[in-house]
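Inspection log for the structure reproduced underneath, given as structure tokens.
Protein chains: 2
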Amino acid sequence: MEENSKNKQSSIILALDFPFQGRLERENLLAKASSLLDMVSPHVCAVKFNHHLTLPLGIFGGVQSLVEQAHRSGLLAIMDCKVNDIGATNTAIAEYYYDAGFDAVIANPFVGWEEGLKPIFDVAAKRQRGVILLAYMSHKGAVEGYGQTVRDAETGIETRQYLAFARKAGKWGADGVVVGATVPEKIREIRFVLGEEVPIYAPGVGAQGGSVEAALKAGARFLIVGREIVHAADPAVKAETLRQKAELAK
Amino acid sequence: MEENSKNKQSSIILALDFPFQGRLERENLLAKASSLLDMVSPHVCAVKFNHHLTLPLGIFGGVQSLVEQAHRSGLLAIMDCKVNDIGATNTAIAEYYYDAGFDAVIANPFVGWEEGLKPIFDVAAKRQRGVILLAYMSHKGAVEGYGQTVRDAETGIETRQYLAFARKAGKWGADGVVVGATVPEKIREIRFVLGEEVPIYAPGVGAQGGSVEAALKAGARFLIVGREIVHAADPAVKAETLRQKAELAK
């Protein structure tokens, strides 16, 4: 990601998300997504996919072609599947996404290590791909889980869930953590826990109220932007504006 | 589910899961899944799908045909997607799965209510479908998240995460909770919190070490069984044996 971001001189990751589409609209969805990706590609360093596209289009014979398109444009492709299942299922999930060409998957550390996320890290190591972990999400309800006070099982000391997750991300060798751009003070705390080694990916800029400058100043390395670009009158111009704003704020 | 279970005289839910399949093997996967579903249908009350099938086959033009097959055989279809995203994404996920015919989706309460799970419950209410919440999973690592000690945000009192989840399931009007058959003592505690109103779905019987009798005696209403049936020499016989065992233990 670091190399890619330097080559493209961009810290922006496009979240290629479209709202729910009815049966008829779905026919044009692949073409629509491909055309948007094409327009925005020069201004971003990676593209993040979510179920907005994998559910209506499928992966093989569907989203896989967008992943290949992203790679041809010099972008990395991240699958935001927020994996949180048992090990055997997580293994199957990771194998399928990596098989379709994704460079990294996003997983939820809440599921734990043994028979949980360890199998995903094993598949990732075997296939030389990435695993990015959630640390704090960008929506209001995140305070209930990510923001809750928990008692650390090893030390017995009270801590915040997101700090416990950040420590696990460091210990497990995650390739990045996700922290909402809507909570820059938590980006700062997590950055302090993780140091320079594990980059912070911050979603929630624009539509959700997060600011490019605040997130980067707090320590985010990449900004994930969806609706702000996807629904813009001119997505390429919007992406380029955000790219420049981020380069200035770095 | 209650009516379906009575009609079919079965408390067993088939988890129609196959391990990761390479490109060539994928061609036969739909036929294989359909044939297994056909064999096992008379002995179960519902079928639970996971990414084991939705990723390789896709939903529309793929798993959707299995959902329709399940309905023709008098079974309900549950999508075990363990949703845990922000509201806008959760809405799209729920809409697509319900659109494909699923009767219920499984979601993770860790994501919280506001801009989290509320939008899913809204879609479910609009479409008259179900939402089942995770309370405690069946794998070892579950102790890290589901088993952790948390401080209740409202009361300030320390509690276990899975009990907090069970209370939320009651408050939010969930149509069921998932509790691993591997932890019957937790089934008992959660049953005590939730009473008769919210049925407990227990996965982890067989391959993961859970017992039919222990899970039902502790208060589980439905048993979710995957590998134990799917990899059996005779899946129909295995499903019927489990069905009878469960009817006797109820």
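Residue numbers (the working numbering), protein chains in the order written: chain S, 1 to 250; chain D, 251 to 500.
Yeah, the Cβ is synthetic: ideal placement off N, Cα and C, and Gly gets one too.
Small disclaimer: the values here were computed from a predicted structure and weren't measured.
About 5 Å separates the CB atoms of residue 177 of chain S and residue 169 of chain S; that is less than 8 Å, so the two are in contact. Remark: C-beta atoms of residue 375 of chain D and residue 353 of chain D do not approach each other more closely than 8 Å.
Annotation: Cβ neighbours of residue 148 of chain S in chain D (cutoff 8 Å, chain order): 400, 401, 403.
Note that the region 299-313 of chain D touches the region 48-58 of chain S; at least 3 beta-carbon pairs, one per stretch, sit closer than 8 Å. Taking residue 17 of chain S as the centre and dropping the five residues before and after it, the same chain places the C-beta of 50, 52, 226 closer than 6 Å to its C-beta, in chain order. Taken atom to atom, the span from the alpha-carbon of residue 292 of chain D to that of residue 422 of chain D is near 33 Å.
Residues of chain S whose Cβ lies closer than 8 Å to the Cβ of residue 456 of chain D do not exist; the shortest such Cβ separation is about 13 Å.
Note that the region 104-123 of chain S touches the region 68-84 of chain S; at least 3 beta-carbon pairs, one per stretch, sit closer than 8 Å. Judged by their CB atoms, residue 473 of chain D and residue 489 of chain D are not nearer to each other than the 8 Å cut-off. The CB of residue 363 of chain D comes closer than 9 Å to the CB of 140, 141, 144 in chain S, given here in chain order. Taking 7 Å as the Cβ-Cβ cut-off, the region 343-356 of chain D approaches chain S at 343, 345, 346, given in chain order. Contact check between the region 110-127 of chain S and the region 179-191 of chain S: fewer than three CB pairs, one atom from each, fall below 8 Å, which does not count as touching.
For residue 55 of chain S, the residues of chain D that pass the 7 Å Cβ criterion are 309, 343, 346, in the order they occur in the chain. By the CB criterion at 8 Å, residue 471 of chain D and residue 453 of chain D fall outside the cutoff. Each residue's CA atom was taken as its position, placing residue 343 of chain D and residue 333 of chain D some 8 Å apart.
If only complete runs of 4 or more residues are kept, the region 460-499 of chain D shows the alpha helix (DSSP H) at 462-468, 477-480, 485-499, in order along the chain. Taken atom to atom, the span from the alpha-carbon of residue 219 of chain S to that of residue 250 of chain S is near 9 Å. Here the alpha carbon of residue 296 of chain D sits roughly 51 Å from the alpha carbon of residue 6 of chain S.
The C-beta of residue 19 of chain S comes closer than 8 Å to at least one C-beta of chain D.
Cβ contact annotation for residue 142 of chain S (same chain, cutoff 7 Å, sequence separation greater than five): 136, 180, in chain order. Residue 360 of chain D reaches chain S at 110, 145, counting residues in chain order whose Cβ is nearer than 7 Å. Counting along the chain, residue 267 of chain D sits inside no beta strand (DSSP E), nor does DSSP assign it H or E at all. Nearest neighbour of residue 130 of chain S by Cα position, chosen from S:37, S:65, S:95, turns out to be S:95. Here residue 78 of chain S is bridged, per DSSP, to S:48, S:104. Proximity of residue 85 of chain S to chain D, defined by a Cβ-Cβ separation below 8 Å, is satisfied. Cβ contact annotation for residue 206 of chain S (same chain, cutoff 7 Å, sequence separation greater than five): 225, 227, 228, in chain order.
When the alpha-carbon of residue 290 of chain D is set against those of D:264, D:399, D:463, the nearest one is in D:264.
Scanning its chain for C-beta atoms nearer than 7 Å, with the 5 sequence neighbours on each side dropped, one finds around residue 365 of chain D the residues 336, 337, in chain order. Counting C-beta atoms within 10 angstroms of its own C-beta, residue 35 of chain S has fewer than 16 neighbours from the protein chains shown and is therefore classed as exposed. Listed in chain order, the beta strand (DSSP E) runs fully inside the region 355-408 of chain D are 380-386, 399-401, counting runs of at least 3 residues.
Beta bridge pairing from DSSP links residue 450 of chain D with D:427.
Taken atom to atom, the span from the alpha-carbon of residue 140 of chain S to that of residue 341 of chain D is near 15 Å.
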